[in-house]
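Some notes on the structure that comes next.
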Amino acid sequence: MAPSKKSGSKKAPAKSTPKVSKDPVFPSRPRSLRIGGDVRPQGRDLSRFVKWPRYVRLQRQRTILYQRLKVPPVINQFTQTLSKNEAASAFKLLNNYRPLTAAARKQKAKEAAAAKAAGKDAPAGSQYQVKFGLKHITTLVEEKKAKFVAIACDVDPIELVVWLPALCRQMEVPFVIVKDKARLGALVHQKTAAAVAITGVEKGDEKALSNLTSVAMEKYNNNVDLVRQWGGGKMGLKTEAKLLKRAKQVEAEAAKLAKSKGL
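For the sequence shown, our numbering assigns the number 10 to the initial residue and increments by one for each residue that follows.
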């Protein structure tokens, strides 16, 4: 008779848990789940966790590149805009000669037709209006019909208007660079405008135009330094800190060498 086998369950060997070495530099701080323990503190700046839209990231990257790289004078001149007071006086003058909207033109045509039917003279408006459109403004500048040109500083791509200041200087047409294309666009009932111009003003605004012309000629047309000054070349905070640290090390080594020589 075969020996009977004992049916007994063997105990599984205990699993050895690996010992985790605790880092004293980064101690574990278990989260407190008591009342108020899971509430984020108020006032903490979380902007670095935000995923910004693509156009915001492009704006910031472009700004950083313009600061780091060497920017030619032709492009760098667009950073030299009119001051707040000068820009206010320029827009005040341009606002007086805003072109009519489609509804206003339609109403004016109706009034002119009604006056003509009644045998009266149609009400005459101003013969001068703000001109816009790059091709139109280029033609006005080439023919020296433009009396004053305002160029936006934030046109993208910049190649659209990078040649316009040189053309204005060549034709001796006063020009200024202002902030920004949206503000110029509001003058002509558009979202944006790269540049606007006026071909003349009424008698009451001749003095204001003369003042703006003198400012434009002094700051832009006749300013030789404006077309010679390079931009960019500004290092970041980390690079400046590294260079400062390196300079201090060089000074310390020079002082140590001088001390060893007994100087």
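C-beta: ideal position from N, C-alpha, C; glycine also.
Quick caveat: nothing in here was measured; it's all calculated off a predicted structure.
| task | Using alpha carbons as the reference points, say which of Gly142, Leu55, Asn94 lies closest to Pro108. | result | In the sequence shown, the residue the question calls residue 108 occupies position 99. Of Gly142, Leu55, Asn94, the residue nearest in Cα terms is Gly142.
| request: Drop a sphere of 10 angstroms on the beta-carbon of Pro277, count the other beta-carbons inside from all chains shown, and report buried for 16 or more, exposed for fewer. | output: Because residue 277 is not part of the residues shown, which for the chain are 10 to 272, the question remains open.
| Three-state secondary structure assigned by DSSP to Val205 | As a working mapping, residue 205 is identified with position 196 in the sequence shown. Three-state DSSP puts Val205 in a strand.
| field | Backbone secondary structure at Ile186 - three-state DSSP | value | Reading the sequence shown from its first residue, position 177 is the one you call residue 186. Three-state DSSP puts Ile186 in a strand.
| request: Give a yes or no on whether the C-beta atoms belonging to Asn85 and Asp214 are separated by under 8 Å. | output: Working through the sequence shown from its first residue, we reach residue 85 at position 76. Working through the sequence shown from its first residue, we reach residue 214 at position 205. Contact flag unset, no.
| Which whole-angstrom value is the C-beta distance of Val182 and Val139, which I expect to be below 8 Å? | To locate residue 182, count along the sequence shown from 1; it is residue 173. To locate residue 139, count along the sequence shown from 1; it is residue 130. With a Cβ gap of about 15 Å, Val182 and Val139 do not count as contacting.
| task | In the DSSP assignment, find the unbroken alpha helix (DSSP H) run with Ala122 in it and report its ends. | result | Taking the sequence shown and counting its residues from 1, one reaches residue 122 at position 113. Here the alpha helix (DSSP H) through Ala122 covers 111 to 126.
| task | Specify, as a first and last residue, the run of the beta strand (DSSP E) that Ile273 falls within. | result | Beyond the ends of the chain as shown, which are 10 and 272, falls residue 273; an answer cannot be given.
| With 16 other CB atoms within 10 Å as the buried threshold, where does Pro174 fall? | As a first step, residue 174 is located in the sequence shown; it is residue number 165 there, counting from the start. With 16 or more other Cβ atoms within 10 Å, it is buried.
| task | Kindly identify the DSSP beta-bridge partner or partners of Phe141. | result | Locating residue 141 in the sequence shown gives position 132, where the first residue counts as 1. In DSSP, Phe141 forms a bridge with Val205.
| query | Is it a yes or a no for the stretch 235 to 246 touching the stretch 69 to 89, going by three-plus beta-carbon pairs under 8 Å? | reply | yes
| said: If I follow the unbroken alpha helix (DSSP H) through Glu95, where does it start and stop? | reply: Against the sequence shown, residue 95 aligns to sequence position 86. Counting along the chain, the alpha helix (DSSP H) containing Glu95 begins and ends at 93 to 104.
| Are there 16 or more other CB atoms within 10 angstroms of the CB of Phe58, so buried, or fewer, so exposed? | Numbered from its first residue, the sequence shown carries residue 58 at position 49. By the neighbour-count rule (16 or more Cβ atoms within 10 Å), Phe58 is not buried but exposed.
| Residue closest to Pro82, alpha-carbon to alpha-carbon, out of Lys265, Trp172, Met226 | Working through the sequence shown from its first residue, we reach residue 82 at position 73. Here the closest residue by C-alpha is Trp172.
| query | So Thr222 packs on Phe157, CB below 8 Å; how close in whole Å? | reply | In the sequence shown, the residue the question calls residue 222 occupies position 213. In the sequence shown, the residue the question calls residue 157 occupies position 148. With 8 Å as the limit, Thr222 and Phe157 qualify as a contact, their Cβ atoms being about 6 Å apart.
| message | Nearest by alpha-carbon distance to Ala111: which of Gly128, His198, Thr72, Asn94 is it? | response | Within the sequence shown, numbered from 1, the residue matching residue 111 stands at position 102. Of the candidates Gly128, His198, Thr72, Asn94, the one whose C-alpha sits nearest the C-alpha of Ala111 is His198.
| request: Using a threshold of 8 Å, state whether the C-beta atoms of Gly194 and Ala202 are closer than that. | output: Along the sequence shown, read from residue 1 onward, the residue named residue 194 stands at position 185. Along the sequence shown, read from residue 1 onward, the residue named residue 202 stands at position 193. Taking 8 Å as the Cβ cut-off, Gly194 and Ala202 qualify as a contacting pair.
| query | What residues in its chain sit with their C-beta under 6 Å from that of Arg178, if we drop five residues either side in the sequence? | reply | Within the sequence shown, the letter at position 169 stands for residue 178. Answer for Arg178: Asn230, listed in chain order.
| Contact set for Leu252: own chain, Cβ-Cβ below 8 Å, skip 5 residues either direction | Locating residue 252 in the sequence shown gives position 243, where the first residue counts as 1. Same-chain partners within the cutoff: Met244.
| Whose CA, out of Gln136, Lys228, Ala261, Val259, lies closest to the CA of Gly209? | Residue 209 sits at position 200 when you count from the first residue of the sequence shown. Closest option to Gly209, Cα to Cα, is Gln136.
| Secondary structure of Val154, DSSP reduced to three states | On the sequence shown, residue 154 is found 145 positions in, with the first residue counted as 1. Note on identity: in this sequence residue 154 is Lys, with Val being the wrong assignment. It is coil, neither helix nor strand.
| Which ranges does the alpha helix (DSSP H) cover as unbroken runs of at least 4 residues, wholly within the stretch 50 to 80, from first to last along the chain? | 63 to 77
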